[in-house]
Structures are given as structure tokens and as C-alpha cells.
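Residue numbers (my numbering), protein chains in the order written: chain A, 3 to 208; chain B, 3 to 208.
This report concerns only the one structure given below.
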DNA sequence: CCCCTTTCCCGTACGATGTACTGGAAATGG
DNA sequence: CCATTTCCAGTACATCGTACGGGAAAGGGG
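Encoded structure:
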């Protein structure tokens with residue numbers, strides 16, 4: 003019973019195609035023209051399904067964020083799940099910060115998080131704050147993790163230049179602590195995600 | 003003894019003007035043309051002082067990040083200082099994520115942070131990780147803080163629309179925990195920054 | 001003193017992007 | 001069969017970062 007011409011595509015279909023592009027080539031490669039071409043449509047057709055690009059990215063974030071882990075997870079479970087998700091969709095850490103997060107999947111995730119905090123007796127706003135901070139923590143951790151992964155692969159000589167600049171700065175003698183860490187080298191492995199996340203979480207809720 | 007035509011401006015001068023624009027009108031308002039106009043120069047003149055816009059923002063971040071707090075600060079001091087800095091330069095939380103941080107001021111800040119962690123006996127990489135996480139935490143907190151501040155001021159009816167959508171989602175009954183938090187209302191104030199930061203830090207270093 | 005080398009200045013211009021506008025195309029309801 | 005409603009997409013514009021190249025301004029060498 004819809005009156006006019008029926009849409010040739012689904013909104014979900016458009017969002018899924020956008021996610022595919024971002025997954026494969028990064029968020030910068032996702033332009034409206036590129037997405038339209040991928041769908042075999044004109045660039046302006048997309049604006050039938052999406053108000054603007056901002057909303058498209060909102061929908062993309064929610065689209066990939068359907069929680070499928072254990073039914074009654076701990077905060078650590080949720081954080082680990084978020085990390086896996088972000089590693090699978092490397093554009094996510096750069097897309098998430100400062101977004102409204104009102105889609106059904108985000109609300110579902112929030113619901114799980116509140117359930118995990120139910121036993122703490124904390125007031126509601128404090129729970130919300132803690133969940134936001136855990137997400138922020140994961141974003142920061144994965145951002146760092148991905149940057150380090152990319153650095154070794156794509157531009158080894160740029161990394162060398164950075165290290166050189168660091169050594170030059172240290173040579174001035176103004177940064178003794180930094181020098182000590184650098185001298186220490188890679189003898190010790192950085193702590194694992196689960197380790198750091200667990201410490202942070204127990205700090206926040208304890 | 004410099005051979006050619008002397009520069010009409012200092013690199014520092016250019017960066018300071020860029021910071022002034024971003025402070026007053028946000029990071030989106032900072033375009034190369036706008037900055038050039040502010041300096042009474044042609045758009046392309048800026049590229050004498052800066053390789054590209056990316057580097058300009060790098061320099062801006064370092065420019066505002068000169069630590070001027072107590073000489074032997076704790077991690078909590080450093081976090082509080084970072085928060086004050088970001089509140090004074092609201093573009094900072096959006097500019098910082100995923101940046102190299104090699105300027106002298108950033109290295110100085112890092113040095114203080116390592117000094118604050120000297121007593122813990124942690125390995126170097128763990129210290130670096132903790133400092134990055136604390137910074138990420140502050141970025142997340144202030145982002146949230148600023149978003150909330152702007153929401154009440156600029157677009158009250160958009161906030162109302164968001165709340166309406168939330169209430170509609172809750173009306174489905176799929177989000178009991180979320181409903182409870184919403185029903186609880188603003189009866190409890192969210193925890194203070196110092197409070198949350200202290201808990202997180204003791205969790206990380208403890 | 002003149003010229004030459006070096007450096008910086010900046011007008012013009014190009015490619016890319018998000019999206020407003022508009023007229024045509026396709027479907028249903030009377 | 002026509003009218004109405006909806007979606008599709010070609011064209012076009014403002015804006016961005018910045019490549020290019022010639023002109024302008026300074027010091028050094030004859």
C-alpha cells in the first residue's frame with residue numbers, strides 16, 4: 003500500500019555496502035560517489051535512504067555493533083568483545099568518538115553493561131559514566147594497537163625517522179626518564195589487553 | 003647570515019594564530035585560507051612554515067601543551083591539568099586521537115608522567131601504556147563533558163528529540179535496566195572528575 | 001655598485017568532496 | 001487512463017587542501 007515508486011534498495015543494504023567499503027579500504031575511501039557506484043546507483047540516490055553522511059556513519063556504527071557474546075557478560079567480557087569488534091572494523095575507533103549512539107544495537111549493548119553493573123549499587127549516572135569510560139578506554143587501546151600494527155607494515159622508514167627524532171631529543175639530556183625507557187628497549191613485553199582492562203575496571207567499580 | 007628573503011612571520015606566530023581561530027570558532031572553522039587571511043597573507047604562504055595541515059595541527063597540539071603545574075606532580079595532577087587544558091581548548095579532544103606527539107612539550111609531559119610512575123617498578127612499556135590510557139581517559143571524559151555542555155546551549159529541541167527517541171525505545175520494554183536509570187532521573191549527580199580519575203589511576207597502577 | 005643566488009610570497013588552478021536543485025521515471029489509487 | 005506520490009539521478013555549486021610557477025626581496029661576490 004505504499005503509494006509512490008518503491009525503493010530499489012533497502013536502507014540496511016546501503017549501510018552494509020558502506021561498511022564493506024570502510025572495512026576494505028578505510029573510512030577515508032568511503033565517499034558518497036564511491037558508495038553509489040558500488041551500488042550501481044547515482045550519487046544522489048543515497049539521500050533517499052540517509053539524511054547526510056553523518057547519519058550514514060551513525061547507522062554504520064550501530065549496524066556492526068550487534069552484541070553476540072555470552073548472555074550475562076561481565077564488564078571485562080564486554081570490553082573484550084568491543085576490542086574484537088574494533089579489530090575487525092578498524093575504522094570504528096576513529097568513527098565512534100563524539101557520536102550519539104542511539105541505535106538499537108547500541109542501546110542493547112548499553113543494557114548489557116547496566117546489567118553487568120546491577121550488583122554494584124551505584125547510582126544510574128555513575129553507571130553510565132563508567133560504561134562510557136570503558137568504551138573510551140577500548141577505543142584508545144585499539145587505536146594504539148592498530149597504529150603500531152600499521153607502522154611496521156606500511157612505512158618502516160617513517161618509523162625510523164620518528165625514532166631518530168626521539169633520539170635527538172633525548173640527546174639533549176632534558177628527558178632522563180624517557181631515555182631510561184628507550185634504553186631499556188623491548189626487553190619487556192607490554193601488558194596484555196585483558197590484564198590492563200581488568201585492572202582499570204576493578205579500579206572503576208571497586 | 004641567512005641567504006635569501008627573510009620570512010615575514012614566525013612559525014610560532016602562524017601556529018598561535020591557528021590556535022586562536024580554533025579556540026574561538028572550533029576546529030572546523032580553521033581552514034588554510036581563513037588562517038592566511040587572519041595573518042594578512044596569501045593562502046599558499048603558509049606552506050613555507052608548515053608541510054601540510056596535518057603538521058599544522060600537530061604543532062598546535064604541542065603549542066598549547068606546555069606543562070606549567072607543580073614540578074613533581076602525581077598522575078592525578080597531570081590528568082587534572084590535561085582536563086583543564088582541554089576545557090580551555092575545546093578542539094583538543096577531537097584533535098589529539100591518533101597523533102604522533104613528538105613535540106618538545108609533549109615529550110616534557112611524558113617525562114613528568116614517567117617520573118610520577120618511577121616508584122612503581124613497572125617495566126617501561128607498561129608505563130607508556132598507562133600514560134596513553136590516562137590521556138585517552140581524559141579525552142573521553144572531556145568530550146562527554148563538552149558535548150553535554152553544548153547540548154543544553156545550542157539545540158534544546160534536538161536534545162528533546164533524542165530523549166523522545168530514547169523513551170520510544172524504552173516503551174518497547176526491551177531495555178529494563180535503561181528504563182530504570184531513566185526513571186531514576188537526575189536525582190543523583192554524576193561523580194566528579196577527580197573521583198573517577200583517582201579510581202581509574204589507582205586501578206591501573208595498583 | 002651590480003648582478004646572482006637564494007629564499008619566500010602568493011595568484012591561479014585542479015581535483016575531490018558533500019549536497020542543493022530539478023526534471024524525469026515508475027509505481028499505485030481513483 | 002489519469003493523477004498523485006514517491007524515488008532516481010544528471011548537473012552544478014561552494015568549499016576544501018594544495019601543486020605549480022613566476023615575481024619580489026634579501027644578502028654575497030665580482
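We treat Cβ as the ideally placed atom computed from N, Cα and C, and that holds for glycine.
Note that the structure is a prediction, hence the values are computed from the model and not measured.
Asked: Taking the alpha helix (DSSP H) that residue 1 of chain B falls in, what are its first and last residues?; Found: Given a span of 3 to 208 for chain B in the structure shown, any question on residue 1 of chain B remains unanswerable.
Asked: Leaving out five residues before and five after residue 3 of chain A in sequence, what residues of the same chain have Cβ atoms less than 6 Å from its Cβ?; Found: none
Asked: Between residue 83 of chain A and residue 28 of chain A, is the Cβ-Cβ spacing less than 9 Å?; Found: no
Asked: Residues in its own chain within less than 7 Å of residue 133 of chain A by CB, not counting five upstream and five downstream?; Found: 112, 115
Asked: Given residue 161 of chain A, which residues of its chain have a CB within under 6 Å of its CB, disregarding the five upstream and five downstream residues?; Found: 153
Asked: Can you tell me which of A:102, A:8, A:13, A:136 puts its alpha carbon nearest to the alpha carbon of residue 205 of chain B?; Found: A:136
Asked: For residue 88 of chain B and chain A, any beta-carbon pair shorter than 9 Å?; Found: no
Asked: At what residues does the alpha helix (DSSP H) containing residue 197 of chain A begin and finish?; Found: 195-207
Asked: Using 8 Å as the threshold, is the segment 59-67 of chain B in touch with the segment 56-67 of chain A, meaning 3 or more CB pairs across them?; Found: no
Asked: Find the residues of chain B that neighbour residue 139 of chain A, judging by a C-beta separation of less than 7 Å, and give them in chain order.; Found: 135, 138, 139
Asked: For the alpha helix (DSSP H) holding residue 38 of chain A, just list the boundary residues, first then last.; Found: 34-40
Asked: For residue 47 of chain B, which residues of its own chain have a beta-carbon under 7 Å away from its beta-carbon, when the five flanking residues on both sides are left out?; Found: 38
Asked: Run through chain B and tell me which residues come within less than 9 Å of residue 171 of chain A, C-beta to C-beta.; Found: 104, 106, 109
Asked: Contact criterion: CB-CB distance below 9 Å. Does residue 75 of chain A meet it with respect to chain B?; Found: no
Asked: Relative to the C-alpha of residue 164 of chain A, which candidate in B:33, B:109, B:104, B:119 has its C-alpha closest?; Found: B:104
Asked: Give the residues of chain B in contact with residue 85 of chain A, contact being defined as C-beta atoms less than 7 Å apart.; Found: In chain order: nothing, as chain B lies at least about 13 Å away.
Asked: Near residue 61 of chain B, which residues of its chain fall below 6 Å by C-beta distance, leaving aside the five closest residues on each side in sequence?; Found: 17
Asked: Against chain B, with Cβ distances strictly below 9 Å, would residue 129 of chain A count as a contact?; Found: yes
Asked: Based on Cα-Cα distance, which residue from A:87, A:123, A:138 lies nearest to residue 100 of chain A?; Found: A:138
Asked: Taking 8 Å as the cut-off, does the segment 165-173 of chain A touch the segment 118-130 of chain B (at least 3 CB pairs, one atom from each stretch)?; Found: no
Asked: Tell me the DSSP secondary structure of residue 50 of chain B in three-state form.; Found: helix
Asked: Give the secondary structure of residue 112 of chain A by DSSP, where H, G and I count as helix, E and B as strand, and everything else as coil.; Found: helix
Asked: Using a C-beta cutoff of 9 Å, does residue 82 of chain B count as contacting chain A?; Found: no
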